[in-house]
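Asker:
Residue numbers (our numbering), protein chains in the order written: chain A, 139 to 398; chain B, 907 to 1035.
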């Protein structure tokens, strides 16, 4: 992939996201007063560009090593047996296992001070929209994406059969951060909704709603929260740089007191 | 702020859902390029590879939010209906690890079943016309 192709692909992706989400944010706003060019817009845009241009290569490199390391532990016969199941059964197994892992890993990110150092970057966004979804420390991304991949690596699920579903899930992960309040009724119990994830980003919070997409794990483990209004404010209480490089460096700074 | 008319809201929602559906289908049928390696990580540091690992399963979910690379593949992604779908041929029987191949089965017949309606691993060979 040449540099010009990478830049073109990134530009088209941003255009697609704007065309997809901006009308929804205008027509069904969660916060009507929030503008497109809101505070920290450029910081979040840098996070997006970092993910597209730099960090996806780093994540792939880390995953390749992770997978190579796991290959030594899982018998090939076991993987063959798993891959011989019907695709829909594999899909259900992979989704349930991934959601289970992500749910508990995400709870750890909020409880373990070392993990919170990285994850707090994502929660530092004070304005949620489709762009703020990209505010993630690259090492936090490796942690999360490694766990999403873990069932596939261990069990040998052929991911090409799930490519469409995974694409949907990625886009939905952006949607739940968008400045949209679009009540989808009981469907939110299955695929999640922005109104749920906004409460996860509540500044005055006892987080809750830890599940990646579907809130089933939250319902199962008693962390599901869905008040009928939007939170007062988003963000975190601890001081953090407003700038991209400052936020990338934040986890490595000396912390007087870690608090999640 | 003035609420847009209902018809505009419905049209906006419908267009977003259409784009979402289009993106999902496009992502399923289009193989991804390798992610950009602008940090040159893979050029200088050796990858850990297991020579016994199955071919054609080098897929990783790169990021949940990088939409031009939801799933990275080192080979062409094919449409798949059956288990594994290594070939993309929905009519090719897939060997089951616990069942003998059809030619080794004697005196058994059960109808094959698959969610898509395609019998991919029938326990008897199809009748010749």
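Note that CB positions come from ideal geometry on N, CA and C, so glycine has one too.
(1) With three or more beta-carbon pairs closer than 8 Å as the criterion, would you say the region 142-162 of chain A touches the region 301-319 of chain A?
(2) Taking the alpha carbon of residue 269 (chain A) as the reference point, which residue from A:292, A:144 and A:175 has its own alpha carbon closest?
(3) Measure the C-alpha to C-alpha separation of residue 147 (chain A) and residue 271 (chain A) and round it to an integer number of angstroms.
(4) Looking only at its own chain, which residues have a Cβ that is under 7 Å from the Cβ of residue 317 (chain A), when we skip the five neighbours before and after it?
(5) Out of A:263, A:321 and A:199, which one is the CA nearest neighbour of residue 284 (chain A)?
(6) Using C-beta distances below 8 Å, list every residue in its chain close to residue 340 (chain A), excluding the 5 sequence neighbours before and after it, in chain order.
(7) On the three-state DSSP scale, how would you describe residue 321 (chain A)?
(8) Tell me, to the nearest whole angstrom, how far the beta carbon of residue 241 (chain A) is from that of residue 348 (chain A); I am working on the premise that it is less than 8 Å.
(9) Just the Cα atoms here: how many angstroms apart are residue 1006 (chain B) and residue 204 (chain A)?
(10) Out of A:144, A:291, A:353 and A:187, state which residue places its alpha-carbon closest to the alpha-carbon of residue 329 (chain A).
(11) Identify whether residue 356 (chain A) lies in helix, strand or coil by the three-state DSSP scheme.
(12) Can you round the beta-carbon distance between residue 190 (chain A) and residue 142 (chain A) to whole angstroms, since I take them to be within the 8 Å contact cut?
(13) Mapping the DSSP letters down to three states, classify residue 401 (chain A) as helix, strand or coil.
(14) Any beta carbon from chain B within less than 7 Å of residue 275 (chain A)'s own beta carbon?
(15) What number of angstroms, rounded off, separates the C-alpha of residue 225 (chain A) from the C-alpha of residue 218 (chain A)?
(16) Out of A:290, A:196 and A:264, which one is the CA nearest neighbour of residue 233 (chain A)?
(17) Say whether the region 382-394 of chain A touches the region 254-262 of chain A, bearing in mind that this needs 3 or more beta-carbon pairs closer than 8 Å, one atom from each stretch.
(18) Chain A partners of residue 971 (chain B), CB-CB under 8 Å?
(19) Under DSSP, the alpha helix (DSSP H) around residue 913 (chain B) begins and ends at which residues?
(20) Please classify residue 209 (chain A) as buried or exposed, where buried requires at least 16 other C-beta atoms within 10 Å of its C-beta.
(21) Ignore the nearest five residues each way along the sequence and tell me which others in residue 381 (chain A)'s own chain have a CB closer than 7 Å to its CB.
(22) List, in order along the chain, the chain A residues whose C-beta lies closer than 8 Å to that of residue 914 (chain B)?
Answerer: Let me lay it out:
(1) At 8 Å Cβ cutoff, the stretches touch.
(2) Within the first chain, residue 269 (chain A) is the residue found at index 131, counting from 1. Considering only alpha carbons, the answer is A:175.
(3) By one-based count along the first chain, residue 147 (chain A) stands at place 9. By one-based count along the first chain, residue 271 (chain A) stands at place 133. When rounded, the distance between both Cα atoms is 19 Å.
(4) For the purposes of this step, residue 317 (chain A) is taken as residue 179 along the first chain, with counting starting at 1. The residues are 163, 167, 168, 169, 172, 266 and 267.
(5) Walking along the first chain from the start, residue 284 (chain A) turns up at place 146. Taking residue 284 (chain A) as reference, the option from A:263, A:321 and A:199 with the minimal CA-CA separation is A:199.
(6) The residue labelled residue 340 (chain A) in the question sits at position 202 within the first chain. Here the set comprises 369, 370, 371 and 372.
(7) Taking the first chain and counting its residues from 1, the one referred to as residue 321 (chain A) is at position 183. Residue 321 (chain A) falls in the coil class under three-state DSSP.
(8) The sequence position of residue 241 (chain A) within the first chain is 103, counting from 1. The sequence position of residue 348 (chain A) within the first chain is 210, counting from 1. In this structure residue 241 (chain A) touches residue 348 (chain A) by the C-beta definition: roughly 5 Å separates them, less than 8 Å.
(9) Within the second chain, residue 1006 (chain B) is the residue found at index 100, counting from 1. Within the first chain, residue 204 (chain A) is the residue found at index 66, counting from 1. Unreliable positioning characterises residue 1006 (chain B) in this predicted model, as indicated by a pLDDT of 49, which lies under 50. The coordinate reading is nonetheless provided below. Taking the straight line from one Cα to the other gives about 35 Å.
(10) Within the first chain, residue 329 (chain A) is the residue found at index 191, counting from 1. For residue 329 (chain A), the closest of A:144, A:291, A:353 and A:187 by C-alpha to C-alpha distance is A:353.
(11) Position 218 of the first chain, counted from the first residue, corresponds to residue 356 (chain A). Three-state result, residue 356 (chain A): helix.
(12) On the first chain, position 52 is the one that residue 190 (chain A) refers to. On the first chain, position 4 is the one that residue 142 (chain A) refers to. About 14 Å separates the beta carbon of residue 190 (chain A) from that of residue 142 (chain A), a gap too long to meet the 8 Å contact definition.
(13) Because chain A here runs from 139 to 398, residue 401 (chain A) falls outside it and cannot be looked at.
(14) In the first chain, the residue the question calls residue 275 (chain A) occupies position 137. No, no contact with chain B.
(15) Working through the first chain from its first residue, we reach residue 225 (chain A) at position 87. Working through the first chain from its first residue, we reach residue 218 (chain A) at position 80. Their Cα atoms are separated by approximately 13 Å.
(16) Counting from 1 along the first chain, the entry for residue 233 (chain A) is found at position 95. Comparing C-alpha distances from residue 233 (chain A) to each of A:290, A:196 and A:264 shows the shortest one belongs to A:290.
(17) Short answer: they touch.
(18) In the second chain, the residue the question calls residue 971 (chain B) occupies position 65. The answer, in chain order, is 189, 271, 272, 274, 308, 311 and 312.
(19) As a first step, residue 913 (chain B) is located in the second chain; it is residue number 7 there, counting from the start. Here the alpha helix (DSSP H) through residue 913 (chain B) covers 912-935.
(20) Here residue 209 (chain A) refers to the residue found at position 71 when the first chain is read from its first residue. It is buried - the Cβ of residue 209 (chain A) has at least 16 other Cβ atoms within 10 Å.
(21) Within the first chain, residue 381 (chain A) is the residue found at index 243, counting from 1. Contacts found: 181.
(22) Taking the first residue of the second chain as 1, we reach residue 914 (chain B) at position 8. At a beta-carbon threshold of 8 Å, the residues of chain A lying near residue 914 (chain B) are 165, ordered along the chain.
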